[in-house]
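Asker: If you read the sequence shown in my numbering, its first letter stands for residue 1, the second for the next number, and so on. A single structure is presented below for examination.
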Amino acid sequence: MTPRRGFTLVEVLVVLAIISILAAIAYPGYAGHVTRIRRVEAQLALVDAMQRQEQYRARHHTYVAFSSSSTDADSRQFRWWLGSEAGGSAYELDGRACEGQDISQCIELRAQPGTANVDAGFSDPDCGVLSFDSTGAQGASGRAPRCWP
Numbered sequence: 001m002t003p004r005r006g007f008t009l010v011e012v013l014v015v016l017a018i019i020s021i022l023a024a025i026a027y028p029g030y031a032g033h034v035t036r037i038r039r040v041e042a043q044l045a046l047v048d049a050m051q052r053q054e055q056y057r058a059r060h061h062t063y064v065a066f067s068s069s070s071t072d073a074d075s076r077q078f079r080w081w082l083g084s085e086a087g088g089s090a091y092e093l094d095g096r097a098c099e100g101q102d103i104s105q106c107i108e109l110r111a112q113p114g115t116a117n118v119d120a121g122f123s124d125p126d127c128g129v130l131s132f133d134s135t136g137a138q139g140a141s142g143r144a145p146r147c148w149p
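So this is what it looks like as C-alpha cells:
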C-alpha cells in the first residue's frame with residue numbers, strides 16, 4: 001500500500017483556527033495604527049494650510065474662509081481634502097473666523113473625519129475634529145487627552 005499525501009481535515013481546521021486567532025489579535029492594532037497615520041496626515045495638512053493662510057494674509061491683510069462649498073476664487077486656493085482626491089481623503093478641511101473675532105484677525109482651521117464629502121467610513125472617536133488657529137492653539141473635540149504631538 002502506498003502512503004497517502006496531503007492534510008487531513010482536522011489539520012486544515014487547526015491551521016485556520018490559529019490564523020483566525022492571530023488575525024483577531026492583530027487587526028485592532030493595525031486599525032489603530034492606520035487611524036493614527038491618517039490623523040498625523042490631517043495635522044500636517046492643517047499646518048500647511050495655516051502657512052498658506054499666513055502668506056495670503058501677508059499679501060491681503062486678511063485671512064480667507066474656505067470649505068468644500070466655497071465658490072469664490074480666493075477660497076478655492078485652499079484644498080478642503082487630503083491626498084490626491086476628495087473621495088479617498090479621511091478628513092475634510094475648512095477655515096473660518098475664530099469665535100468672536102473677525103476673519104482679518106484670526107482664522108481657525110478644522111479637519112473633520114469621515115464627512116459625506118470624503119471617506120464617510122473613516123472615524124476617529126479618540127480625537128474627533130482637529131483644530132488649529134492662527135494664534136497657534138491646537139485642539140480636538142474627542143475624548144483623548146492628547147491628540148497633537
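The beta carbon of each residue, even a glycine, is placed where N, CA and C say it ideally should be. For clarity, every value in this text was computed on a predicted model and none was experimentally measured.
Have a look at Gly121 and Thr35 and give me their C-alpha separation to the nearest angstrom.
Answerer: If you take the alpha carbons of Gly121 and Thr35, they lie about 12 Å apart.
Asker: Can you name, in chain order, every residue of its own chain whose Cβ lies under 7 Å from the Cβ of Thr62, other than the five neighbours on each side?
Answerer: The residues are Ile103 and Ser104.
Asker: If the criterion is Cβ atoms closer than 7 Å, does the pair Asp126 and Ala111 meet it?
Answerer: Their beta carbons are not under 7 Å apart, which means Asp126 does not touch Ala111 by this criterion.
Asker: Report the rounded CA-to-CA distance for Thr115 versus Glu92, giving the unit in angstroms.
Answerer: Cα to Cα, Thr115 sits roughly 7 Å from Glu92.
Asker: Beta-carbon within less than 6 Å of Leu46's beta-carbon, same chain only, minus the 5 sequence neighbours each way: which residues are those?
Answerer: Contacts found: Leu109, Ala111 and Phe132.
Asker: Could you name the residues that DSSP lists as bridge partners for Gly29?
Answerer: The partner list for Gly29 (beta bridge, DSSP) is empty, contrary to what the question assumes.
Asker: Sort out for me which residues DSSP pairs Gln138 with in a bridge.
Answerer: Note: Gln138 sits in a beta bridge opposite Phe132.
Asker: Give me the Cα-Cα distance between Leu44 and Ile37, rounded to the nearest whole angstrom.
Answerer: Those two C-alpha atoms are separated by around 11 Å.
Asker: Out of curiosity, what's the CA-to-CA distance linking Tyr56 and Val118?
Answerer: About 26 Å.
Asker: Give the list of continuous beta strand (DSSP E) stretches no shorter than 3 residues that lie fully inside the stretch 79-114.
Answerer: The stretch 79-114 contains these whole beta strand (DSSP E) runs: 91-97 and 107-113.
Asker: If you draw a straight line from the alpha carbon of Ala26 to that of Val12, how long is it in whole angstroms?
Answerer: When rounded, the distance between both Cα atoms is 21 Å.
Asker: In angstroms with no decimal places, state the Cα-to-Cα distance between Ser141 and Ala58.
Answerer: The straight-line gap from Cα to Cα measures roughly 30 Å.
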